[in-house]
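Here the structure comes first, spelled out in structure tokens, and everything after it is commentary.
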Amino acid sequence: SPSCPAMGARTCARALRSLGGTLDIVGEWWTPLILRDVFAGLRRFEEIQADLGIARNILSDRLSTLVERGMLEKHRYHEAPDRYEYRLTEMGVDFYPVLAATAFIARAGQRPMSIRAKDILVLVRAWSSNPCTCRHGRL
């Protein structure tokens, strides 16, 4: 069992379960990039597929998982044939600080240890007090 000296055993166990649950949803290859695209305003299957160059079957699978897990909602925008767009749910919007922190760490390049937990908390607090918006509404 991992040691969490800064928190009690129960709090530590809850945090690890929560992390495991999050990774179960977004830990598959391509999923963070799909969410990034939706945050950036790409909503339609074809837009996301063209941007990422991902195989259609894999994109379809990842989008279905994100809808089933409550990160995205699927909305029909065309009939015959049916075409859908994908929108972030409240849960999906709440995931933004995780994507931002991941991008922040990635930008550190060869010095990931130079990132301090305090820097990540600043990002999360900034997001919480001033969520980003774009032409498509609140992200």
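Just so we're on the same page, the numbering used here is the position in the sequence shown counted from 1, plus 609. Glycine included, every Cβ here is placed at the ideal spot set by N, Cα and C.
Simplified DSSP state of residue i, which is helix, strand or coil
i      : result
ALA710 : helix
LEU651 : coil
GLU637 : coil
ARG747 : Reliability of the predicted coordinates at ARG747 is poor, the pLDDT of 33 falling under 50, and the value obtained from them is presented with this limitation in mind. Looking at ARG747 - three-state DSSP - the assignment turns out to be strand.
LEU642 : helix
8 Å contact criterion, which residue i and residue j should meet: CB distance rounded
i      : j      : result
TYR695 : ARG685 : About 11 Å separates the two Cβ atoms, so there is no contact after all.
ARG665 : GLN658 : 6 Å
Beta carbon of residue i nearer than 8 Å to that of residue j
i      : j      : result
LEU681 : LEU697 : yes
PHE648 : LEU668 : no
LEU661 : LEU675 : no
GLY679 : LEU644 : no
Residue range of the alpha helix (DSSP H) that includes residue i
i      : result
GLU699 : 699-703
ARG678 : Per DSSP, ARG678 belongs to no alpha helix (DSSP H) and is neither H nor E.
Residue range of the unbroken beta strand (DSSP E) whose run includes residue i
i      : result
ARG685 : 681-687
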